[in-house]
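The structure under discussion appears below in the form of structure tokens.
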Amino acid sequence: MFTKTLAAVTLGALGMTAAAPTREARDVYVPPVLYPHAGTVWFSGQKHNVTWDNSNPPKSISNGAFILLRTGTFETPVVLAHGFDLRAGRVEVTVPEVITGNFSIVLFGDSGNWSDDFLINGVDF
Ligand SMILES: *[C@@H]1O[C@H](CO)[C@@H](O)[C@H](O)[C@H]1NC(C)=O
Ligand SMILES: *[C@@H]1O[C@H](CO)[C@@H](O)[C@H](O)[C@H]1NC(C)=O
Ligand SMILES: *[C@@H]1O[C@H](CO)[C@@H](O)[C@H](O)[C@H]1NC(C)=O
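Residue numbers -19 to -1, 1 to 106, in mature numbering (1 follows the signal peptide of the UniProt record, and there is no 0), belong to the letters of the sequence shown in order.
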């Protein structure tokens, strides 16, 4: 009985980890990314404002905000911005050195939402 309960708890924990950072019974705020979008071209070293739809923000946003770089369906550990105000609707990021290719960005509030794929011109491989 104990083992069964423990297994259920463990699986539950794993499920949460796989899904996304904290998902609890509060407002889930997942604003759609507006920029960058399909057709956007960035160059390593440039600064750009990532923007998202900040209409209808919940009253309290409890999670830390993060923007990560994504390649295909893989979230890289590259952090473009963190600790900014999700209500602002934009945050300035510096484009990192990457091998030229298609990327997207993931905006994390309570959960994550990502941009279209777009091109970053970095180092040619
Ligand atoms: C994620 O963003 C897309 C538009 O980019 C939007 O249609 C979708 O509703 C968003 N997902 C959530 C869970 O808000
Ligand atoms: C980002 O937006 C802010 C506020 O509008 C502006 O001051 C800043 O110059 C913008 N940065 C870039 C790289 O466009
Ligand atoms: C990026 O994606 C576009 C459209 O799928 C493709 O035509 C292009 O070759 C890709 N660029 C690179 C550098 O992978």
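Heads up, the beta-carbon is just placed ideally off N, CA and C, and yes, glycines get one too.
message: As an exercise, report each continuous beta strand (DSSP E) stretch of at least 3 residues that is fully enclosed by the segment 60 to 99, in chain order.
response: 71 to 75, 82 to 89 and 93 to 95
message: Quick check: residue 17 and residue 89, are their CB atoms within less than 8 Å of each other?
response: no
- request: Check whether the Cβ atoms of residue 28 and residue 75 sit closer than 8 Å, and answer yes or no.
  value: yes
message: Residues around ligand 3, please: the condition is that the C-beta lies closer than 5 Å to some non-hydrogen atom of it.
response: That gives 82 and 83.
task: Work out the CA separation of residue 51 and residue 30 for me, nearest whole Å.
output: 17 Å
task: Run the proximity test for residue 63: is its beta-carbon closer than 7 Å to any non-hydrogen atom belonging to ligand 2?
output: Residue 63: no, Cβ never under 7 Å from ligand 2.
query: Any residues whose CB sits closer than 7 Å to a heavy atom of ligand 2? List them in chain order?
result: 28, 29, 30, 71 and 73
- prompt: Which word fits residue 80, buried or exposed, when buried means at least 16 other C-beta atoms lie within 10 angstroms of its C-beta?
  reply: exposed
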